[in-house]
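This report concerns only the one structure given below.
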Amino acid sequence: MDTKMIIDYLSALSMNNNREWYHANKEAYKKANCEFEELLQALIFEIGKFDSSILHNNPKDITFKIVRDTRFSNDKSPYNPAFRAHISSKGKLPVPVGYYIMIKPGNQSFLGGGLFADMFKDATAMIRNYIVQNGNEWEKVINEPEFKKYFAVQGAALKNVPAGYEKEHPQAEYLKFKSWYLEYPIKDEEWKDAKSFLTKAAELYRIMKPFNDYLNKALVDFRMPER
Numbered sequence: 644m645d646t647k648m649i650i651d652y653l654s655a656l657s658m659n660n661n662r663e664w665y666h667a668n669k670e671a672y673k674k675a676n677c678e679f680e681e682l683l684q685a686l687i688f689e690i691g692k693f694d695s696s697i698l699h700n701n702p703k704d705i706t707f708k709i710v711r712d713t714r715f716s717n718d719k720s721p722y723n724p725a726f727r728a729h730i731s732s733k734g735k736l737p738v739p740v741g742y743y744i745m746i747k748p749g750n751q752s753f754l755g756g757g758l759f760a761d762m763f764k765d766a767t768a769m770i771r772n773y774i775v776q777n778g779n780e781w782e783k784v785i786n787e788p789e790f791k792k793y794f795a796v797q798g799a800a801l802k803n804v805p806a807g808y809e810k811e812h813p814q815a816e817y818l819k820f821k822s823w824y825l826e827y828p829i830k831d832e833e834w835k836d837a838k839s840f841l842t843k844a845a846e847l848y849r850i851m852k853p854f855n856d857y858l859n860k861a862l863v864d865f866r867m868p869e870r
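Spelled out as structure tokens, the structure:
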């Protein structure tokens, strides 16, 4: 897999973010996308060594489109110069949570995990309630030395503890959150060596797995809203 080809193509798209350039270079896109899918397949195999629930995934089914919806945005650039995917037991759906990857030039790439979406009120309530009832387990997960070395919990949050929850609860700060996720930045230069990146990514995903497992236990009864 040629990860340098991926970052080179996305860099060129970033500098030529228009439909004319994109269509004139469609073959370059297809080649870069093929390399990305090959990378995803390798990641699936590596993650599968410690999380077999994701092994059934087909790379083509877990990627996101680069075409942007510009209807409600001031930025009318037609493309998001990034390759993105979410690897979970149910593919790219936000729940259950899994392993996220975004390759974006300009040192904007990252590996992620947890719940990024904060629009699902049921999911937010389930996680808050689970933290209330399982605070010690939460603290054990996020304070594990190996975890703390690489990650800190992030997410959209309220200013105050929401109604119905104790303001003095030991995990009060985390009860303010509406989403709970992790991000580990990847620099552009790290894409030059695909083998080295794959080893690093698999190890980071292994370290974040207990965090994902905790959230998925909280979300076991969640159902995606019907469109």
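Residue 694 in this note's numbering sits at position 51 of the sequence shown; the count goes up by one each step and never skips. By construction, the Cβ of each residue, glycine as well, lies at the ideal position given by its N, Cα and C atoms.
Check: Three-pair Cβ contact test at 8 Å for the segment 790-799 versus the segment 834-854; Outcome: yes
Check: Segment contact flag, the segment 673-688 with the segment 712-719, C-beta cutoff 8 Å, min 3 pairs; Outcome: no
Check: Which listed residue (697, 727 and 743) has its alpha carbon closest to that of residue 708; Outcome: 727
Check: Beta carbon of residue 723 nearer than 9 Å to that of residue 714; Outcome: no
Check: Three CB pairs or more closer than 8 Å across the segment 654-672 and the segment 808-826; Outcome: no
Check: Length of the line joining the Cα atoms of residue 778 and residue 798; Outcome: 18 Å
Check: Euclidean distance between Cα positions of residue 732 and residue 666; Outcome: 34 Å
Check: Residue 706 versus residue 800 - alpha carbon distance; Outcome: 27 Å
Check: Sequence-distant residues of the same chain with beta carbon closer than 7 Å to residue 810, five excluded per side; Outcome: 804
Check: Where the beta strand (DSSP E) containing residue 758 begins and where it ends; Outcome: 752-758
Check: Under the three-state DSSP convention, the category residue 713 falls into; Outcome: coil
Check: Other residues of its chain near residue 834: CB distance less than 8 Å, five sequence neighbours each side excluded; Outcome: 646, 647, 649, 650, 746, 752 and 840
Check: Residue(s) in a DSSP beta bridge with residue 828; Outcome: 753
Check: Sub-9 Å separation of residue 824 and residue 865 beta-carbons; Outcome: no
Check: Proximity test, Cβ basis, 9 Å: residue 867 and chain B; Outcome: No chain B is present in this structure, which holds just one protein chain.
Check: Of the listed residues 670, 749 and 703, nearest to residue 730 (C-alpha basis); Outcome: 703
Check: Completely contained alpha helix (DSSP H) runs for the segment 650-702, where each covers 4 or more residues; Outcome: 662-667 and 669-690
Check: Opening and closing residue of the alpha helix (DSSP H) in which residue 840 lies; Outcome: 837-861
Check: Cβ neighbour criterion (16 or more within 10 Å) applied to residue 822; Outcome: buried
Check: Sub-9 Å separation of residue 863 and residue 814 beta-carbons; Outcome: no
Check: Pairwise C-alpha distance: residue 672 and residue 767; Outcome: 37 Å
Check: Those runs of the beta strand (DSSP E) which lie wholly inside the segment 720-745 and span at least 3 residues; Outcome: 726-730
Check: Residue 820 - DSSP class collapsed to helix/strand/coil; Outcome: strand
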